[in-house]
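Just so it is clear: in the sequence shown, position 323 is 322 by numbering that gives the first Met the number 0, and no numbers are missing.
Even for Gly, the Cβ is constructed at its ideal location relative to N, Cα and C.
Report on the following structure.
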Amino acid sequence: MQTSETTESIRSAVREVCAKYPGEYWRDLDQRREYPEAFVKELTDLGWLAALIPEQYGGGGLGIAEASVILEEINRSGGNAGVCHAQMYIMGILLRHGSDEQKQRYLPKIASGELRLQAFGVTEPNAGSETTRIETTAVRKGDRYVINGQKIFTSRARQSDIMLLLARTTPYDELTDRTMGLSTFIVDMREAGKSIQIQPLDMMINHHTNVVFFDDLEVPAENLIGEEGKGFRYIIDSWNAERILIAAESVGDGRWFVEKAVNYANQREVFGRPIGANQGVQFPIAKAYAHIEAADQVRWKAAALFDSGQKCGPEANMAKLLASEASWEAANVCLDTHGGYGFAVEYDVERKFRESRLYMVAPINNNLVLAYLAQNVLGLPRSY
Ligand SMILES: Cc1cc2nc3c(=O)[nH]c(=O)nc-3n(C[C@H](O)[C@H](O)[C@H](O)COP(=O)(O)OP(=O)(O)OC[C@H]3O[C@@H](n4cnc5c(N)ncnc54)[C@H](O)[C@@H]3O)c2cc1C
Numbered sequence: 000m001q002t003s004e005t006t007e008s009i010r011s012a013v014r015e016v017c018a019k020y021p022g023e024y025w026r027d028l029d030q031r032r033e034y035p036e037a038f039v040k041e042l043t044d045l046g047w048l049a050a051l052i053p054e055q056y057g058g059g060g061l062g063i064a065e066a067s068v069i070l071e072e073i074n075r076s077g078g079n080a081g082v083c084h085a086q087m088y089i090m091g092i093l094l095r096h097g098s099d100e101q102k103q104r105y106l107p108k109i110a111s112g113e114l115r116l117q118a119f120g121v122t123e124p125n126a127g128s129e130t131t132r133i134e135t136t137a138v139r140k141g142d143r144y145v146i147n148g149q150k151i152f153t154s155r156a157r158q159s160d161i162m163l164l165l166a167r168t169t170p171y172d173e174l175t176d177r178t179m180g181l182s183t184f185i186v187d188m189r190e191a192g193k194s195i196q197i198q199p200l201d202m203m204i205n206h207h208t209n210v211v212f213f214d215d216l217e218v219p220a221e222n223l224i225g226e227e228g229k230g231f232r233y234i235i236d237s238w239n240a241e242r243i244l245i246a247a248e249s250v251g252d253g254r255w256f257v258e259k260a261v262n263y264a265n266q267r268e269v270f271g272r273p274i275g276a277n278q279g280v281q282f283p284i285a286k287a288y289a290h291i292e293a294a295d296q297v298r299w300k301a302a303a304l305f306d307s308g309q310k311c312g313p314e315a316n317m318a319k320l321l322a323s324e325a326s327w328e329a330a331n332v333c334l335d336t337h338g339g340y341g342f343a344v345e346y347d348v349e350r351k352f353r354e355s356r357l358y359m360v361a362p363i364n365n366n367l368v369l370a371y372l373a374q375n376v377l378g379l380p381r382s383y
């Protein structure tokens, strides 16, 4: 684990907040499928979700390393940073590619919590992982774009004021470069009326995920971020930050599982001794611990490269891959250690088990991470 005065003070401050929201809080919300409003509000009010927004816009001006500690600690405490992590990183696209006017208009309000930007409309049913095949269109009409189409798995659309939307501005068949022709828009969902329909999806985890339909939604042309046609490139630019933050969340999950397993294995007695005295119980916990610590090292390497402005694609991708796999290993070990009680809701293990599994699939599937490493780092032939 990386320590510095700043990261340690962040850890203890975030831990203090999380201690007010124990397992019962998350368990209750999970059962009622409700959003953790109180937790997200407190985190926002304290400025933690604005960690990556520069100070000139009212944010914390922190690096990805410090920001990742915030999310890690939420998951490590038994909570779920997935409910609010997007508020931290979606704005990165606006920050890097938005105009000065857009940054002045939105970033201070996002930093203060007046505006929630935590919905990111990218995935579509017919395109899946092949983002360059999305079909939602944005057609320019005078000083507006008219948007029609459908997104799937759009998380927190109902808990967001604005959404970052990727839509097609040039038909796919007219492109010579398939990474072009898509554009990124700021969509104010408060003004959309019936042009946006949000249908919640019933998912394995309480992730506030939806299908979103756009029917002649009019967006002012000034809400286009950067240049028309370059939206997918802007999204690619944001991937490393996202991968590093997700890796940190997985590390947090992994540490929660290991600690929970160790405590239970020390305390539960069967056959006249703690179950943790059996190597069949302790070795898997030790192995999961080692894998979490190893993944964490790659996460810190990626974060250091990112924060010093160096290329970090391989490291950010490896960190996300290794941490999500290690936390899933720890999740299984924790469940096994608890025997039948691992399935009992009151232990929180089954909830965290479901929540941690997501990171092998979303925001990016580990197969695509492997494809990136194989093709872009190792020079193997492209599969797509
Ligand atoms: C809870 C949840 C929240 C989400 N939130 C959001 C959100 O807020 N915004 C958003 O835009 N999206 C969101 N997503 C979508 C998520 O990013 C996608 O599910 C994911 O990118 C994969 O797309 P897909 O589900 O269509 O899978 P598919 O693309 O259909 O892939 C299915 C399987 O095939 C594999 N596969 C496909 N092509 C290849 C290949 N060439 N090589 C190897 N394997 C391949 C994949 O890895 C995967 O295992 C969310 C998803 C979930 C589950």
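For residue i, which residues in the same chain have their Cβ closer than 7 Å to its Cβ, ignoring the five residues on either side in sequence?
{"i": "Ala-110", "result": "Ala-49, Ile-52, Tyr-56, Gly-57 and Gly-58"}
{"i": "Ile-69", "result": "Ile-9, Val-13, Trp-47 and Ala-50"}
{"i": "Val-257", "result": "Ile-284, Ala-287, Tyr-288, Ile-291 and Ala-329"}
{"i": "Asn-239", "result": "Phe-305, Cys-311, Gly-312 and Ala-315"}
{"i": "Ile-89", "result": "Leu-116, Gln-117, Phe-119 and Leu-163"}
Spatial neighbours of residue i within its chain, please: C-beta separation below 8 Å, excluding the five flanking residues on both sides.
{"i": "Tyr-40", "result": "Note on residue identity: the sequence assigns Lys, not Tyr, to residue 40. Once the five neighbours on either side are set aside, the close Cβ partners of Lys-40 are Gly-112."}
{"i": "Glu-72", "result": "Ile-9, Arg-10, Val-13, Arg-14, Cys-17 and Gly-251"}
{"i": "Ala-126", "result": "Arg-132, Ile-133 and Glu-134"}
{"i": "Gly-228", "result": "Thr-168, Thr-169, Met-179, Gly-180, Leu-181 and Ser-182"}
{"i": "Ile-92", "result": "Leu-163, Thr-183, Ile-224, Tyr-233, Ile-234, Asp-236 and Ser-237"}
{"i": "Arg-26", "result": "Val-344, Glu-345, Asp-347 and Arg-350"}
{"i": "Pro-362", "result": "Glu-241 and Ile-245"}
{"i": "Tyr-105", "result": "Met-90, Leu-93, Gly-97, Leu-114, Leu-116, Ile-161 and Ile-185"}
What's the gap between the Cα of residue i and the Cα of residue j?
{"i": "Arg-143", "j": "Glu-345", "result": "51 Å"}
{"i": "Ser-182", "j": "Asp-44", "result": "32 Å"}
{"i": "Arg-32", "j": "Ala-276", "result": "39 Å"}
{"i": "Leu-216", "j": "Leu-223", "result": "14 Å"}
{"i": "Trp-299", "j": "Ala-64", "result": "7 Å"}
{"i": "Asp-99", "j": "Ala-302", "result": "27 Å"}
{"i": "Leu-114", "j": "Leu-164", "result": "16 Å"}
{"i": "Gly-141", "j": "Asn-205", "result": "41 Å"}
{"i": "Pro-124", "j": "Gln-149", "result": "8 Å"}
{"i": "Thr-5", "j": "Ser-67", "result": "12 Å"}
{"i": "Gln-158", "j": "Gln-374", "result": "37 Å"}
{"i": "Arg-267", "j": "Gln-278", "result": "15 Å"}
{"i": "Gln-101", "j": "Gly-230", "result": "16 Å"}
{"i": "Ala-294", "j": "Met-317", "result": "8 Å"}
{"i": "Glu-7", "j": "Gly-341", "result": "31 Å"}
{"i": "Thr-130", "j": "Leu-42", "result": "32 Å"}
{"i": "Gln-196", "j": "Arg-177", "result": "29 Å"}
According to DSSP, is residue i helix, strand or coil?
{"i": "Phe-152", "result": "strand"}
{"i": "Thr-130", "result": "helix"}
{"i": "Tyr-340", "result": "helix"}
{"i": "Gln-117", "result": "strand"}
{"i": "Met-317", "result": "helix"}
{"i": "Ile-89", "result": "coil"}
{"i": "Ile-195", "result": "strand"}
{"i": "Glu-328", "result": "helix"}
{"i": "Asp-27", "result": "helix"}
{"i": "Ala-137", "result": "strand"}
{"i": "Glu-221", "result": "helix"}
{"i": "Pro-170", "result": "coil"}
{"i": "Arg-75", "result": "helix"}
{"i": "Arg-267", "result": "coil"}
{"i": "Tyr-144", "result": "strand"}
{"i": "Ser-3", "result": "coil"}
{"i": "Ile-52", "result": "coil"}
{"i": "Arg-272", "result": "strand"}
{"i": "Ile-161", "result": "strand"}
{"i": "Thr-43", "result": "helix"}
{"i": "Asp-187", "result": "strand"}
{"i": "Val-68", "result": "helix"}
Mind checking whether residue i and residue j have CB atoms under 8 Å apart?
{"i": "Val-138", "j": "Phe-184", "result": "no"}
{"i": "Leu-320", "j": "Asn-265", "result": "no"}
{"i": "Arg-95", "j": "Met-203", "result": "no"}
{"i": "Val-145", "j": "Met-162", "result": "no"}
{"i": "Arg-232", "j": "Ala-315", "result": "no"}
{"i": "Val-386", "j": "Ile-151", "result": "Given a span of 0 to 383 for the chain in the structure shown, any question on residue 386 remains unanswerable."}
{"i": "Ala-260", "j": "Thr-336", "result": "yes"}
{"i": "Glu-248", "j": "His-84", "result": "yes"}
{"i": "Trp-327", "j": "Asn-74", "result": "no"}
{"i": "His-207", "j": "Arg-155", "result": "yes"}
{"i": "Gly-192", "j": "Thr-153", "result": "no"}
{"i": "Asn-147", "j": "Phe-213", "result": "yes"}
Is the closest heavy atom of ligand 2 to the C-beta of residue i under 7 Å?
{"i": "Leu-357", "result": "Questions concerning ligand 2 fall outside what the structure shown contains, since the ligands it does hold are ligand 1."}
Take residue i and list the residues in its own chain whose beta-carbon comes closer than 6 Å to its own, dropping the five residues that flank it on each side.
{"i": "Pro-35", "result": "Leu-28 and Val-82"}
{"i": "Phe-38", "result": "Tyr-20"}
{"i": "Gln-30", "result": "none"}
{"i": "Ser-76", "result": "Cys-17"}
{"i": "Thr-199", "result": "In the sequence as displayed, the identity of residue 199 is Pro instead of Thr. Excluding positions up to five away in sequence, the list reads Asn-209."}
So, does the CB of residue i fall closer than 8 Å to a CB anywhere in chain C?
{"i": "Val-145", "result": "The structure shown contains no chain C, having only a single protein chain."}
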